[in-house]
Amino acid sequence: MAEFNFRKWDTILGWLAFGIALITYILTVEPTMSFWDCGEYISTAAKLEVGHPPGAPLFQMLGAFFSLFAPGDEYVALMVNLTSVFSSAFTILFLFWSSTMVLRKVVGNYTELSADNQKMILGSSLVGALTFTFSDSFWFNAVEAEVYAMATLFIALLFWLGLKWEQNMDAEKGNRWLLLISLVIGLSYG
């Protein structure tokens, strides 16, 4: 596998893991509301109200955006639940990409790796991402309107951004990654 092919397969398999997670979570999403805080998050997101402290303004704004696509009032809960579905699917995407980046560093630079090592990195990253996709706790939080799915998205995104910055820190404009990391950290508080 040449360098170009590894990058191509890295992208393809990352989006494949995203697609598998997204389809799985859409098929199993809670159509109404679950127990605990889910009902509060759904109602505060749909009406852009303030939830209990410390609140989750970004989750509520994204939930309000998703609720705009509800064909009727009875589908608002489903649409807000889809906020967690998409957050969790994107978590799997960034988990896969982070895994391939870390394994390349552990095994060696991907330009120097054999085709078998590159396939091993891609395969093990896909297995790891899909294992996390179907883990009980993550799946449970992926299909209901809770802030945990978005929190794991920010963790996965920040880890991936940190790895991207580490790859590009010596580049002329490599510190731009730090600015993006700072922005994402600021958004993650909400």
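So the mapping is simple: this note's numbering equals the position in the sequence shown, first residue as 1, plus 14. Where is the CB? At the ideal position from N, CA and C, for every residue including glycine.
Counting of Cβ neighbours within 10 angstroms places glutamate 180 among the exposed residues, the total staying below 16. For threonine 166, the closest alpha carbon among the candidates Gln132, Phe108, Ser81 and Leu127 is that of Phe108.
Apart from the 5 residues on each side of it in sequence, leucine 127 sits with its Cβ closer than 7 Å to the Cβ of Val121 in its chain, given in chain order. Apart from sequence neighbours up to five positions away, the residues of its chain that approach serine 139 with a beta-carbon distance below 6 Å are Phe110, Ser113 and Thr114, ordered along the chain.
With respect to the C-alpha of asparagine 155, the residue from Glu44, Gly33 and Thr25 having the closest C-alpha is Glu44.
Ranked by Cα distance from threonine 105, the first of Gly86, Gly204 and Leu30 is Leu30.
Using a C-beta cut-off of 8 Å, the region 87-102 makes contact with the region 41-56, since at least three inter-stretch Cβ pairs fall below that distance. Of the candidates Leu136, Ala70, Leu193 and Ala60, Leu136 places its Cα closest to the Cα of lysine 22. Within its own chain, the residues whose Cβ lies closer than 6 Å to the Cβ of alanine 35, once the five positions on either side in sequence are excluded, are Ala103, Ile106 and Thr147, listed in chain order.
The distance from the Cβ of asparagine 182 to that of glycine 188 is about 4 Å, consistent with a contact at the 8 Å cut-off. In the three-state reduction of the DSSP assignment, alanine 129 falls in the helix class. In the structure shown, tyrosine 203 adopts coil according to DSSP, grouped into three states. In this chain, the alpha helix (DSSP H) harbouring glutamate 180 covers 162-182. Each residue's CA atom was taken as its position, placing threonine 38 and threonine 145 some 13 Å apart. In the three-state scheme derived from DSSP, where H, G and I count as helix and E and B as strand, proline 71 is classed as helix. Ranked by Cα distance from alanine 163, the first of Ala60, Val64, Cys52 and Glu63 is Cys52. The region 41-106 contains no complete beta strand (DSSP E) run of 3 or more residues.
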